[in-house]
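To start, the structure under review is shown below, and the notes come after it.
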Amino acid sequence: MAMTTKSGDGDGDGPTPAIHQATSNISSEPAKVKFEPIDIETVDVSSGASYDLTKPATEFDVITHSIHLQDDPNLPAITFRSMFIGLGLSIFGGVLSGIYYFKPQAISIPTAFIAIIAFLLGEAMALGIPRKGRIGRFLNPGPFNIKEHLAITIMANSASGAALGLEIVSTQRLYYNNRVSLALTFFMLISSQFLGYGMAGLMRRTMVYPSAMLWPANLPINSMLESLHRREASNRKPLRVFIYVAMGIFVWELFPQWICPLLTGVSIFCLSNRSSRVFTNLFGGAEGNEGLGLFSLCFDWQYISGGLSPLYFPVSSLISQGIGICCCIVLFCGVYYQNIWDAQRYPFLSQLIFSNTSTPEEAVQWNQTAAIGPDGKIDMSAVELLGLPAFASSNVLNVLLTNMCIAAAVVHLVLWYPTETKVAFAFLHPKNLFNAARNLPSRLRHPLASSSEPDEMKPHYDPHYVLIQKYKPCPDWWYGIILVLSLAVGLVIIYQSNSGLPWWAFFISCIVGYSLLVVLGSLQGITGVPFTIQSIVQMIGGYLRPGYPVANMYFSLYGYNALLQGKLLAQDLKFGQYGHLAPRVTFSMQMIGTLVGAVFNLIMANSIIDNQFDILRSVQGTNIWSGWQAQQFNAQSVTFGGLPHELFSVGGKYQWVPLSMLLGFLAPLPGYLAHRKWPKLGMHHVNTPIIFFYMCYLNVGINSSIMMFFIMGFTSQWFVRRRYPNIFVRYNYLVSAALDGGTSIMVFILSFAVLGASGAAVKFPNYWGKTDTGFVDYCFKTPSKGE
């Protein structure tokens, strides 16, 4: 799939197209990409090497031709400007991610948006602050440089990921009427996040340094930063385009968000038959848990992108996702209308748990208040009276396929990446444990000494790693202290909060988090797919500590949150490595950003729960607010944590949820064996974990955006990229960042002004674009009396 550059488009040369060719071949590559080992001691880090775009790209090609291999160690990264902008954007990101946690669609804040806003603010300060005297030079040390930009982006990005401890905060308030003290909650958030940081920091030789660990989401951002900091006049036009697009989407988002919610999902099929539940289940999707959104058109960029812009994904990845989505639609409809697991007694899409007394006309929520005692333990005598809880079929499929995904991911990594897997667990070898204990006194006397690198991994290290060797490294003991302190604080938290989780289960949860971080963190680093597998962690915790739903929440917090935060840290470490930022600067920015983000996450969560309590507990929510994440977390903690044997063991109603892991373990084997026997067959393009991941993708949220996601993705990556490659190279990522940025700012403003994030909502008057009967896309209207 060679890429040729058309001449005469009037847009100049721009960045090299190598990144787009390379990511098309690699970022969606499900199997191990072959690359030549390099000698990190002798690698040529000069720029300007030629690159043949007609040949498939290796990882080495991507990281040496899409991002420059030159560095200026004299550029300052820690300045008043970088700290001021970094803290400001961290506060903004912490508030916005707290808002996004309660949206009907899983949304994240794009790194590209943070990077662009940081650039505009940095340039404004560099131009606007006089450089007179000592104070002037302190406030404005000169032109805004790329090292400052990297530091700001990493700090704000660390603050912009919603802390998973919000799940416990919201679940305990919504379903247990328990408001934990702010101090205890804050340390709970921090300890669970830093736990993952400590783990990932100690695994950076496996997850960050190797060339195979591309972390594809970083490539366009690093490339964009390099383009922005070129001081040529040719950069003026791209910046103008960014500003115009951001301003346009900023104004536009006022309509789907508040004035005309109909724009969230326009469905011709729903308009043709408003009385059919089948039509709503299949074609609806403008509100949370409404339907699968087939053939719906969405004009709200907030939900089209969701922080994972369709303009980023290469064509091969879009095709794989599309196949998974098609399978998802067929599977969900087949299971529901075949009434498997009594599916038609419960809603088509839902994350709640229901009573077995439910009927197709009325789904009744399971009364967990009556079933869970004040000690947080399941009362089995009450359960006998209430009956066992039940899931909607879509939720069962979500958990089942997630388990298959993680099982397949483990086998996939071992088969295709044996070296990286071996290094990740090498510390458990008795010889290495003995050497670590023997060398401990020397390491304590010389704590700043750099750690030795595994000999078998050195030839595979990223050449950018060579450039950061001139800076002082972060010693392993820094991450070790973070890990130990997090463990100590976590132990205090589980007892002070009366979680019911014993110390031994707490440590097992940490081991589970570490093991999954090796597998899924490495896979995300290779493929770019952010796997979410919280259910399997809750299932493990449930079998270890059955009958304790609250304990299961804390087991998940310190098991799964460690995985999530560890992946975020590894991705940012790679981002800093690609930008040649000093490792200690990267470390400091991540720690500060995480602290700031946790504070404002907590403030926003409590404010939204106070003002939207009833909506967050409802099955549907609205097209603005939804408690689906808390609902799902609560449902799985009650079922997996409270009744694992009754529901999921052999003979239980949902016995195939854990048994499906056996199929997941076997799924990667045929493709791998076929590839070994017939290497040219192309089976290395088959990634079973990704297939399973997208087969349950539509189980929640606003699904009307799916069609538009693929339309815009293929338009960008197929039509524009091939027909106008220079325009694509120069503007694709900037336009995507502008769309995300303008949308995020409008959502931020509207959430406080009219959508009820900090007070009563201000409703826009009803008219044809904003109906109060049925769903906003006119998909279903409940007949009133007399109709």
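In UniProt numbering, the protein residues as written are 1 to 787. Don't be surprised by glycine CBs; every beta carbon is placed ideally from N, CA and C.
Secondary structure at residue 103: coil, using DSSP grouped into helix, strand and coil.
In the structure shown, residue 78 adopts coil according to DSSP, grouped into three states. The C-alpha of residue 558 lies about 47 Å from the C-alpha of residue 237. When C-alpha distances from residue 475 are compared across 396, 491, 391, 585, the shortest belongs to 585.
Of the candidates 223, 217, 657, the residue whose Cα lies closest to the Cα of residue 146 is 223. By the Cβ-count criterion, residue 156 is buried, with 16 or more other Cβ atoms from all chains shown falling within 10 Å of its own Cβ.
Here DSSP, grouped into helix, strand and coil, assigns residue 70 to coil. Spanning the alpha carbons of residue 383 and residue 193 requires a straight line of approximately 35 Å.
Per DSSP, residue 194 is one residue of the alpha helix (DSSP H) stretching across 182–202. Assigned with DSSP and collapsed to three states, residue 413 falls in helix. Listed in chain order, the non-local C-beta contacts of residue 415 below 7 Å within the same chain comprise 668, 672, local neighbours out to five positions each way being set aside. The DSSP-derived three-state label of residue 690 is helix. At a cut-off of 3 residues, not a single continuous stretch assigned as beta strand (DSSP E) sits fully inside the stretch 277–331. Straight-line spacing of the CA atoms in residue 346 and residue 99 works out to 29 Å. One thing to note: residue 82 has its Cβ within 9 Å of the Cβ of residue 148. Of the residues 130, 636, 282, the one whose Cα lies closest to the Cα of residue 296 is 282. Between residue 520 and residue 573, the beta carbon gap of about 16 Å keeps them out of contact (Cβ cut-off 8 Å). By the Cβ-count criterion, residue 68 is buried, with 16 or more other Cβ atoms from all chains shown falling within 10 Å of its own Cβ. With fewer than 16 other Cβ atoms inside 10 Å of its own Cβ, residue 481 counts as exposed.
The alpha-carbon of residue 491 is positioned some 33 Å away from that of residue 660.
Exposure of residue 275 is indicated by the presence of fewer than 16 other C-beta atoms within 10 angstroms of its C-beta.
Burial is judged here by how many other beta carbons sit within 10 angstroms of a residue's own beta carbon; residue 567 has at least 16 and is buried. Scanning its chain for C-beta atoms nearer than 7 Å, with the 5 sequence neighbours on each side dropped, one finds around residue 409 the residues 519, 520, 523, 531, 689, in chain order.
Distance from residue 551 to residue 621 at the Cβ level is roughly 28 Å; contact not present, criterion being Cβ atoms closer than 8 Å. Straight-line spacing of the CA atoms in residue 246 and residue 119 works out to 14 Å. In this structure, DSSP gives residue 762 a state outside helix and strand, which the three-state scheme calls coil. Assignment of residue 364 by DSSP, reduced to helix, strand and coil, places it in the coil class. Residue burial is scored here from C-beta neighbours: residue 330 has fewer than 16 other C-beta atoms within 10 angstroms and is therefore classed as exposed. Annotation: residue 140 to residue 571 spans about 30 Å, alpha carbon to alpha carbon. Residue 628 is classed as buried because its beta carbon has at least 16 other beta carbons within 10 Å across all chains shown. With a cutoff of 9 Å on beta-carbon distance, residue 508 and residue 540 are scored as near each other. Three or more beta-carbon pairs separated by less than 8 Å are not found between the stretch 372–386 and the stretch 628–637, which leaves the two stretches without contact. The alpha-carbon of residue 597 is positioned some 28 Å away from that of residue 503. Counting along the chain, no alpha helix (DSSP H) covers residue 129, and no H or E run does either. In the three-state DSSP reduction, residue 210 falls in the strand class (E or B). The stretch 348–368 and the stretch 706–721 do not touch, with fewer than three beta-carbon pairs separated by less than 8 Å.
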